[in-house]
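Input: a single structure, listed below in structure tokens.
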Amino acid sequence: MLLKFINIVNLYYFRIIILIIFQCFVVGVYSEKTIIRVGIKIPDNPMIEDFNKWAINYESLINEYLSINAKNKSIFNNVTISFDFYNGLISSNIDYGYEEITNGTVITNLKERVYDLMVIDDQILFNEDAFMEYYYYNCNFERKYSKKLFLDLTDYIDEESLNYHDSKILNRGKLNGKLYALPYESDFDNLYYDNENQKSKNITKSMESLTWDELIDSINESSSYPLRISLSYTENFLSTFMEYASSFHNLTKEYDPQFYKVFYNDTTNQLYKSFYEFLNKYTNRTIDNTLYESPEDALLSFLDGESIFYKGKASQMSSFKEFPNISSTLPPKYISSKFSNYLIINKQSEIDKSILVEIAKELTSKEIQLFKAKHFGNIPTFDFNDKSNIETYCEISEIQKEICQQLRQIKEINLRDIFKSKYSATYYEVSGYISYYFIEYLYEDEIDFNKISNLFKYSYEMVTTQMGCIFHISKTFFDLPPYSYIKKILILLFNQFSIDLIYIPMLVLTYRIYIIYNSNSLSIKYLVIFKCQSDYFPLFFFVEVIILCLIHAICIYILVGSRLLLVITLNSDIVPNEYDLKDFVPISTKEQYKLLVNKIRNFSTNLLTKYPNDSIGNSSSFQAGYSISIDNSAIMSS
Numbered sequence: 001m002l003l004k005f006i007n008i009v010n011l012y013y014f015r016i017i018i019l020i021i022f023q024c025f026v027v028g029v030y031s032e033k034t035i036i037r038v039g040i041k042i043p044d045n046p047m048i049e050d051f052n053k054w055a056i057n058y059e060s061l062i063n064e065y066l067s068i069n070a071k072n073k074s075i076f077n078n079v080t081i082s083f084d085f086y087n088g089l090i091s092s093n094i095d096y097g098y099e100e101i102t103n104g105t106v107i108t109n110l111k112e113r114v115y116d117l118m119v120i121d122d123q124i125l126f127n128e129d130a131f132m133e134y135y136y137y138n139c140n141f142e143r144k145y146s147k148k149l150f151l152d153l154t155d156y157i158d159e160e161s162l163n164y165h166d167s168k169i170l171n172r173g174k175l176n177g178k179l180y181a182l183p184y185e186s187d188f189d190n191l192y193y194d195n196e197n198q199k200s201k202n203i204t205k206s207m208e209s210l211t212w213d214e215l216i217d218s219i220n221e222s223s224s225y226p227l228r229i230s231l232s233y234t235e236n237f238l239s240t241f242m243e244y245a246s247s248f249h250n251l252t253k254e255y256d257p258q259f260y261k262v263f264y265n266d267t268t269n270q271l272y273k274s275f276y277e278f279l280n281k282y283t284n285r286t287i288d289n290t291l292y293e294s295p296e297d298a299l300l301s302f303l304d305g306e307s308i309f310y311k312g313k314a315s316q317m318s319s320f321k322e323f324p325n326i327s328s329t330l331p332p333k334y335i336s337s338k339f340s341n342y343l344i345i346n347k348q349s350e351i352d353k354s355i356l357v358e359i360a361k362e363l364t365s366k367e368i369q370l371f372k373a374k375h376f377g378n379i380p381t382f383d384f385n386d387k388s389n390i391e392t393y394c395e396i397s398e399i400q401k402e403i404c405q406q407l408r409q410i411k412e413i414n415l416r417d418i419f420k421s422k423y424s425a426t427y428y429e430v431s432g433y434i435s436y437y438f439i440e441y442l443y444e445d446e447i448d449f450n451k452i453s454n455l456f457k458y459s460y461e462m463v464t465t466q467m468g469c470i471f472h473i474s475k476t477f478f479d480l481p482p483y484s485y486i487k488k489i490l491i492l493l494f495n496q497f498s499i500d501l502i503y504i505p506m507l508v509l510t511y512r513i514y515i516i517y518n519s520n521s522l523s524i525k526y527l528v529i530f531k532c533q534s535d536y537f538p539l540f541f542f543v544e545v546i547i548l549c550l551i552h553a554i555c556i557y558i559l560v561g562s563r564l565l566l567v568i569t570l571n572s573d574i575v576p577n578e579y580d581l582k583d584f585v586p587i588s589t590k591e592q593y594k595l596l597v598n599k600i601r602n603f604s605t606n607l608l609t610k611y612p613n614d615s616i617g618n619s620s621s622f623q624a625g626y627s628i629s630i631d632n633s634a635i636m637s638s
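The sequence shown: position 199 = 199 (the UniProt record's numbering), numbered continuously.
What follows is the structure, given as structure tokens:
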């Protein structure tokens, strides 16, 4: 019995030891796993009720898929992908909303290495890059942040392996011919309707030939509020306006390279008046209902039967599977804004870049995009002109079949392409200000449509910068107390910058005109001097400061410093109560200045020769462009 008891005890301890070893092994394996942090925009889908549950499911399914189906499984045995969702929707009613997303979310999180990878939409991607740089942005935020923070993927990825992407979408991920961003997913605008409503079904049959105005007129009879559109976000407002404008104008460079002039030519006010009336029509003269309405409120009103149509994204279609009576159609004339999200790699990340590149390739692969389309309703970034891509995507479910039909019919427009030209402003300015001020002007009692036209008109480069004038005017505030030594230094620096910002643009423009005037033919090489571009700004600024310091020193010497000889020579005879020191500074001409210097020399020489042991007292009066009086009685002999 004792022996049996001992064996039982030994077996018990043996099992415990095995269990401990197994737990240590499991803990050791998982503790060695590297966490790859991915920042991703919250999907624009108000149908998601419990977002936390949705986000956990998203992360779990993606990790599960990669651990089983990844081409390079060895990497995913040692890493875990953690998705951190951020709010990327930009309010069109706040003028600093775009700034918060760009600088507060994207730039800050990349610089501080919060994310190793990041998914950003095409409204943010390369938004600071343009021929005409934005002065305010460069002074207050990270200049040229895309090149500094995004990893250049050109040498890591063979572009031939990305040929399943739509070429337009893929090319938008390039900057100066180099690949920085991989297409992650796409989307486009749609109109949802109740397919059991005969009125709406009949309208959708002729949707391809209708304009937005005709759509509203055709359904106004049956509903007091026929359409629900949330325009409270910049992306929604700009896309809706451009889709409306496209009903009347072809906004493509292929059709007209100068198409953009339709937004500020002589007849453009009619377009803005028409759009304003369009908003009033479908809101019953209460446009604030649409300009400030959230997507959630617009969706609820549609589901409650308060409107016939609801404008949303095509990716929301999978969320309507519980509502078999809900169908979708493309907007009027089948013109729809198309959007894309891109995956970038943080250059500042401490993770091995080769590992991050492999993960990025897997997260944007053709296979995983089909997987996300099946489980989350995401629309792939495929080239749907390729029949194989269409057939593969359309076979997923009935929902994808409906979207496939729309992808064949869509006449897509892209906001970035509309606002992009060689000499255009940065998209940061476009997206950050146009929608905000557009809405502000629509609220005025007497709308001046010329103001809206001016928003779209690219301004000519000013000879003198506005900032320099503002600096110069603001100098008067330094005259106010309190006074300190530091304030004196700041005044000197402030004066220097204000002078630079006013006069340097004039000098540069004069130089450019001189070069063009003296050239035998007008060549582009004289107009675009690459060494004068913004990348050389620190060097130019340093040279500029040195030149200006020399100029200031010379001017001060000529006007003041050279007179010190006279002051020093007559130092003992200058009585502050009798002489005004400003009389020693001004001079009318160069000849009078020479006369003054010669008389000082002669006067000093005569005194030293005549009275070598005397202190210099006074002399006779003389003129040198101004009067200096010296009393003879002041010369004392020893």
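Each residue gets a CB set at the ideal place from its N, CA and C atoms; glycine is no exception. Only a predicted model underlies this, so the values are computations on that prediction, with no experimental measurement involved.
Next item on the list: Tell me whether S315 sits in a helix, a strand or coil according to DSSP, three-state version.
Entry: Helix at S315.
Next item on the list: Taking N190 as part of the alpha helix (DSSP H), name the residues at either end of that continuous run.
Entry: For N190, no alpha helix (DSSP H) segment is defined; the enclosing uninterrupted segment is the beta strand (DSSP E) at L182 to D194.
Next item on the list: Take every Cβ of the stretch 365 to 385, pair it with every Cβ of the stretch 137 to 157, and state whether three or more of those distances are shorter than 8 Å.
Entry: The stretch 137 to 157 and the stretch 365 to 385 do not touch, with fewer than three beta-carbon pairs separated by less than 8 Å.
Next item on the list: To the nearest angstrom, report how far apart W212 and K205 are at their CA atoms.
Entry: One C-alpha to the other measures close to 15 Å.
Checklist line | Proximity winner among S232, W54 and L279, relative to S435 (alpha-carbon distances) | finding: Comparing Cα-Cα distances from S435 to each of S232, W54 and L279, the minimum goes to S232.
Checklist line | Distance between A298 and F419 (C-alpha atoms, nearest Å) | finding: Separation of F419 and A298 (C-alpha to C-alpha, rounded to the nearest whole angstrom) is 28 Å.
Margin query: I want to know whether the stretch 329 to 339 touches the stretch 95 to 111 - three or more CB-CB distances under 8 Å.
Written below: No, because fewer than three Cβ pairs between the stretch 329 to 339 and the stretch 95 to 111 fall closer than 8 Å, the two stretches do not touch.
Checklist line | Alpha carbon of L149 to alpha carbon of K361, nearest angstrom | finding: When rounded, the distance between both Cα atoms is 19 Å.
Checklist line | R37 - containing alpha helix (DSSP H), residue span | finding: Premise fails: R37 lies in the beta strand (DSSP E), T34 to K41, not in any alpha helix (DSSP H).
Note to self: For F339 and F188, which I take to be in contact (beta-carbon distance under 8 Å), what is that distance rounded to the nearest angstrom?
What the structure shows: About 7 Å; that satisfies the 8 Å criterion.
Check: First and last residue of the alpha helix (DSSP H) that includes I359?
Finding: First-last of the alpha helix (DSSP H) with I359: K353 to L363.
Next item on the list: Using 10 angstroms around the beta-carbon of H552, count the other beta-carbons present and answer buried if the total reaches 16, otherwise exposed.
Entry: Only exposed fits H552, as fewer than 16 other CB atoms lie within 10 angstroms of its CB.
Notebook entry, point to check: Going by other Cβ atoms of all chains shown within 10 Å of its Cβ, with 16 needed for buried, is P482 buried or exposed?
Noted result: That one is exposed.
Checklist line | Cβ-Cβ distance between L89 and Y342 below 8 Å | finding: Taking a C-beta distance under 8 Å as the contact criterion, L89 and Y342 do not qualify as a contact pair.
Checklist line | Span separating the alpha-carbon of K387 from that of N289 | finding: Near 43 Å, if we compare the C-alpha coordinates of N289 and K387.
Item checked: Local Cβ density within 10 Å of D479, reported as buried at 16 or more and exposed below that -> Exposed is the call here.
Margin query: If I measure Cβ to Cβ from I107 and keep anything under 6 Å in the same chain, skipping five residues before and after, which residues do I get?
Written below: Excluding residues within five positions, the ones whose Cβ falls inside 6 Å are E142 and Y145.
Checklist line | Contact under 8 Å by Cβ, K411 with N45 | finding: Here K411 is not near N45, since their CB atoms are 8 Å or more apart.
Check: Is the distance from the Cβ of I351 to the Cβ of I36 below 8 Å?
Finding: Their beta carbons are under 8 Å apart, which means I351 touches I36 by this criterion.
Next item on the list: Quick one: residues in its chain with C-beta nearer than 8 Å to the C-beta of R113, no 5 flanking neighbours on either side, listed in chain order?
Entry: Excluding positions up to five away in sequence, the list reads N346, Q348, S349 and E350.
Notebook entry, point to check: Is it true that the stretch 50 to 65 meets the stretch 387 to 396, where meeting means three or more beta-carbon pairs spaced less than 8 Å apart?
Noted result: Cβ pair count under 8 Å is below three, so no.
Note to self: Suppose you measure from the CA of S365 to the CA of I452; what does that come to, to the nearest Å?
What the structure shows: One C-alpha to the other measures close to 43 Å.
Next item on the list: State the CB to CB distance for the pair N87 and G39, rounded to an integer number of angstroms; the pair is presumed to be in contact (CB under 8 Å).
Entry: Cβ-Cβ separation between N87 and G39: approximately 11 Å, too far for a contact (criterion under 8 Å).
Note to self: the ligand ADP and F237: does any heavy atom of the ligand fall closer than 7 Å to the residue's C-beta?
What the structure shows: Among the ligands in the structure shown, none appear at all, so the ligand ADP cannot be discussed.
Notebook entry, point to check: If you count every other CB in all the chains shown that lies within 10 Å of the CB of Q316, and 16 or more means buried, which is it?
Noted result: Label assigned to Q316: buried.
Check: Pick from A130, I326, V79 and F85: whose alpha carbon is nearest that of F51?
Finding: Out of A130, I326, V79 and F85, F85 has the C-alpha closest to the C-alpha of F51.
Check: Counting Cβ pairs closer than 8 Å, one from the stretch 424 to 438 and one from the stretch 112 to 132, do we hit at least three?
Finding: Verdict: yes, contact present.
Notebook entry, point to check: With which residues is F309 paired in a DSSP beta bridge?
Noted result: Per DSSP, the beta bridge partners of F309 are Y193 and L227.
Next item on the list: For F541, count neighbouring Cβ atoms within 10 angstroms of its own Cβ and tell me buried if that reaches 16, exposed if not.
Entry: That one is exposed.
Margin query: For L415 and S230, which I take to be in contact (beta-carbon distance under 8 Å), what is that distance rounded to the nearest angstrom?
Written below: For L415 against S230, the beta-carbon gap comes to about 17 Å, at or over 8 Å, which does not count as contact.
Item checked: Per-residue burial, M242 [other beta carbons within 10 Å of its own, 16 or more giving buried] -> Buried, because 16 or more other Cβ atoms sit within 10 Å of the Cβ of M242.
Notebook entry, point to check: Considering only C-alpha positions, which residue in the set N280, L548 and E440 is nearest to L507?
Noted result: Checked all of N280, L548 and E440; the closest Cα to L507 is L548.
Margin query: Between which two residues does the alpha helix (DSSP H) holding Y393 run?
Written below: Secondary structure note for Y393: its alpha helix (DSSP H) is the uninterrupted segment K387 to C394.
Notebook entry, point to check: Looking at the structure shown, is M118 part of a helix, part of a strand, or coil, going by DSSP?
Noted result: In the three-state DSSP reduction, M118 falls in the strand class (E or B).
Check: Count the other CB atoms within 10 Å of the CB of G173; is the residue buried (16 or more) or exposed (fewer)?
Finding: So G173 counts as buried.
Next item on the list: Within the same chain, show all residues whose beta-carbon is closer than 7 Å to that of I287, passing over the 5 residues directly before and after it, in chain order.
Entry: L279, N280 and L442.
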